[in-house]
Amino acid sequence: MSKKPTAAMKRALNDIIENVTVTNDEDYQHKHGYLDEYIRQGITLFTDRWYDDFWEKDCEVSYTATQVIYDLHLELCIPLAEFLQAPSESLFRAIMAKAYFLTMGYVRHHLTGRPRIPYISVNNSYFAFLASLFFSRDEQSLSFAALQTIIANPDECIRPQETDAARTLIPLSFRLAQDHLALPIDQTQADLFAFSELYQTAYAGFDSSDAEQVKQIFNDLADYHIRQSRDDEKGYPEFEYTLEQWMPWEILALLRLRTQKGLDNSMISHPLITPFLPFVGLELGGFFDDAQKNLRRAVFKEFGYQPVVDL
């Protein structure tokens, strides 16, 4: 029997929704204002100032434009929760519009030329890249370049090779970039990461036309995803954080590639995947409202990047 999302996953989703919509609602309002200043005026550093009654002193915190863009992707939890209750095309597009902030956070980070900053982590770099398969060639190539740069300059405490993703999501990202997107890869880096048996089997057969094989592959991937959706003080599971637990980017990316190849997905059925199945082949244009288009133009203009795809 296929695994179902756990009670812990559901509690974590409720917690992040409360954090975004109640606890830190004012912070997110400020960040939307900062995003508008970045887009309209090119401002790249923002400072919140307030008086702390408990400590009885003035306080301040600063954000870069990259951090503002990245942080806004956490609002994805709002349409996601509604989507899981009643899946629809409009809610899926709303999810992807928020996911765009994740990818563009890494895109802007790459364009700055900085190797790594604290809140731009290795684990979200492969989620940003996998999500980019729903966007354009520019987002794909730039987010993958960010992933490679961050892997080459890892966190001082955690080496990418020590994480569970070293045998799953990282080699998957390299293989998809090379084999399906024809992006340049650093082969020396790629050679550091080898598939687990499960992922080797999945990658070899995800685009098969054999219905039973495909059904088994995606069931196995989804069951693994749920098993790894947990906190672990002694290890580094791939899906430790809430949004990635509920958004199986690695599976959605493979399903999108199947759809683009004209392959049937109707045999696939799993509680984690089924809500997304009707929507994985949607055209990318519908994932962009004015906020996303304006952000894209602002980032590319800031760094003089000429996009291959004009939206």
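Numbering-wise, the working numbering puts 652 at position 292 of the sequence shown, and it's gapless, one number per residue. Quick reminder that beta carbons are idealized off the backbone N, C-alpha and C, glycines included.
Taking C-alpha atoms, which residue in the options lies nearest to residue i?
| i | options | result |
| --- | --- | --- |
| Leu543 | Gln500, Ala582 and Thr602 | Gln500 |
| Glu610 | Asn654, Thr407, Ala491 and Tyr460 | Ala491 |
| Leu502 | Ile377, Thr463, Asn625 and Arg400 | Thr463 |
| Pro608 | Phe414, Leu529, Gln401 and Thr407 | Leu529 |
| Gly473 | Arg453, Pro631, Phe578 and Gln508 | Gln508 |
| Ser362 | Gln521, Cys517 and Ile628 | Ile628 |
| Ala446 | Glu416, Tyr665 and Pro635 | Pro635 |
| Gln549 | Ile511, Lys575 and Ser568 | Ile511 |
| Lys458 | Ile477, Ala488, Tyr398 and Pro478 | Ala488 |
| Glu397 | Trp415, Val428, Cys419 and Ala372 | Val428 |
| Ile626 | Phe599, Glu643 and Asp570 | Strictly speaking, residue 626 in this sequence is Ser, with Ile absent from that position. Nearest option by C-alpha distance: Asp570. |
| Gly622 | Gly641, Trp606 and Leu632 | Gly641 |
| Ser556 | Gln573, Glu420, Tyr584 and Gln547 | Tyr584 |
| Arg371 | Val659, Ile633, Lys661 and Tyr601 | Tyr601 |
| Met369 | Leu444, Glu416 and Glu386 | Leu444 |
| Val659 | Gln547, Asp624 and Gly465 | Gly465 |
| Arg535 | Phe578, Ala562 and Pro667 | Ala562 |
Given this structure, state the Cα-to-Cα distance separating residue i from residue j, to the nearest angstrom.
| i | j | result |
| --- | --- | --- |
| Ile545 | Ala564 | 20 Å |
| Asn374 | Thr383 | 12 Å |
| Asp426 | Ala554 | According to the sequence displayed, residue 426 carries Thr and not Asp. When rounded, the distance between both Cα atoms is 31 Å. |
| Ile438 | Leu451 | 10 Å |
| Trp410 | Phe639 | 43 Å |
| Leu617 | Glu449 | 19 Å |
| Ser589 | His630 | 16 Å |
| Asp592 | Val467 | 29 Å |
| Leu532 | Asp567 | 14 Å |
| Gln560 | Ile477 | 32 Å |
| Arg519 | Val482 | 9 Å |
| Cys419 | Glu378 | 24 Å |
| Arg414 | Met456 | Sequence check: residue 414 is Phe here, not Arg. Rounded to the nearest angstrom, the two C-alpha atoms are 39 Å apart. |
| Phe406 | Pro597 | 33 Å |
| Gln576 | Ile633 | 13 Å |
| Asp408 | Trp606 | 31 Å |
| Pro475 | Gly402 | 22 Å |
| Asp515 | Val421 | 23 Å |
| Tyr486 | Arg657 | 23 Å |
| Asp650 | Ile480 | 25 Å |
| Phe663 | Glu416 | 41 Å |
| Ile376 | Glu386 | 15 Å |
| Asn484 | Gln573 | 30 Å |
| Phe599 | Lys364 | 15 Å |
| Phe648 | Pro667 | 16 Å |
| Lys661 | Asp624 | 40 Å |
| Gln547 | Leu637 | 33 Å |
| Asn513 | Phe578 | 32 Å |
Answer yes or no: does any C-beta atom of chain C fall closer than 8 Å to that of residue i?
| i | result |
| --- | --- |
| Leu493 | The structure shown contains no chain C; it holds only a single protein chain. |
Would residue i and residue j qualify as a contact pair, given that the criterion is a beta-carbon distance under 8 Å?
| i | j | result |
| --- | --- | --- |
| Tyr394 | Tyr423 | yes |
| Lys391 | Leu440 | no |
| Ala613 | Leu493 | yes |
| Leu603 | Asp580 | no |
| Thr366 | Ile586 | yes |
| Val380 | Glu442 | no |
| Asp539 | Gly595 | no |
| His470 | Ala526 | no |
| Tyr460 | Gln652 | yes |
| Ala454 | Phe504 | no |
| Leu655 | Ile399 | yes |
| Leu615 | Ser496 | no |
| Leu541 | Gln521 | no |
| Asp498 | Val669 | yes |
Per the DSSP calculation, residue i is bridged to which residue(s)?
| i | result |
| --- | --- |
| Leu405 | Thr424 |
| Lys417 | Asp412 |
At which residue ranges does the region 562-633 contain complete alpha helix (DSSP H) runs of 4 or more residues, listed in the order of the chain? 571-587, 602-606 and 609-620
Segments of 4+ residues assigned as alpha helix (DSSP H) that fall wholly inside the region 445-491: 449-472
As an exercise, report each continuous alpha helix (DSSP H) stretch of at least 4 residues that is fully enclosed by the region 492-536, in chain order. Entirely contained in the region 492-536, the alpha helix (DSSP H) runs reaching 4 residues are, in chain order, 497-512 and 529-535.
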